[in-house]
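Residue numbers for the sequence shown follow our numbering, beginning at 109 and rising by one.
Below is one structure, written out as structure tokens, with a few remarks after it.
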Amino acid sequence: MERTFIAIKPDGVQRGLVGEILQRFERRGFKLVGLKFLQVSEALAQKHYAEHKERPFFGGLVAFITSSPVVAVVLEGKGVVATARAMMGVTNPLNSPLGTIRGDYGIDIGRNIIHGSDSLESAEREIALWFAPEELLEWQATLGSWVYE
Ligand code: DAT
Ligand code: MG
């Protein structure tokens, strides 16, 4: 089954949106397989955002993501990479439709509340970067047959 990596960024945690955001994914039917609360190191932040290291906002992005705790999540489900991105909205919250996480709660691009992997390849890379294999739990979701036919 497909997996994606989600992070509730420092602004989402500070604004008390952790429960709200997790609830949206749970209610959609996606299954939690990894969950932790951590202070992100400089090294992890730089690796996570390596694709942006030449961009002018890179320094600010790393400073922001390491500024206060983050909730790291791995979700599993059919089509979860693309669907989690759709549920988040687009990078700039002001351009994100109402009903999306960024569209409902954000204004500035540098305070867009949530990260989500943008492809299967990114998801694989990010899950391996943020979680040790033993932190990802195999468990039977007993509601599974009420979510999937
Ligand atoms: P996304 O988080 O939607 O995948 P991204 O990977 O292009 O977007 O960028 C990573 C983060 O960097 C993004 O969530 C917020 C920040 N960012 C992106 N473009 C920016 C810009 N033009 N100015 C400031 N911050 C930016
Ligand atoms: Mg991205």
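Here a beta-carbon is modelled for each residue, glycine too, at the ideal position from N, C-alpha and C.
Could you give the DSSP three-state label for residue i: helix, strand or coil?
{"i": "Ile217", "result": "helix"}
{"i": "Gly142", "result": "strand"}
{"i": "Val182", "result": "strand"}
{"i": "Gly133", "result": "Correcting the residue type first, residue 133 is Phe in the shown sequence and not Gly. Helix."}
{"i": "Gly207", "result": "coil"}
{"i": "Phe172", "result": "helix"}
{"i": "Ala190", "result": "helix"}
{"i": "Gly127", "result": "helix"}
{"i": "Arg233", "result": "helix"}
Would you report the Cα separation of residue i and residue j, rounded to the nearest angstrom?
{"i": "Ile222", "j": "Gly167", "result": "18 Å"}
{"i": "Lys203", "j": "Ala194", "result": "Correcting the residue type first, residue 203 is Asn in the shown sequence and not Lys. Using only the alpha carbons, I get a separation of about 13 Å."}
{"i": "Ala231", "j": "Ser225", "result": "5 Å"}
{"i": "Glu242", "j": "Gln147", "result": "20 Å"}
Return the Cβ separation of residue i and residue j in integer angstroms, given the expectation that the two are a contact with Cβ distance under 8 Å.
{"i": "Met196", "j": "Ile209", "result": "5 Å"}
{"i": "Val170", "j": "Phe145", "result": "Actually they are not in contact, since the Cβ atoms of Val170 and Phe145 sit about 19 Å apart, beyond 8 Å."}
{"i": "Ile173", "j": "Ala153", "result": "5 Å"}
{"i": "Phe133", "j": "Glu234", "result": "Not confirmed; about 16 Å, so no contact."}
Practice task
Count the CB pairs spanning the segment 139-149 and the segment 173-186 that are closer than 8 Å, and state whether there are at least three.
Solution key: yes
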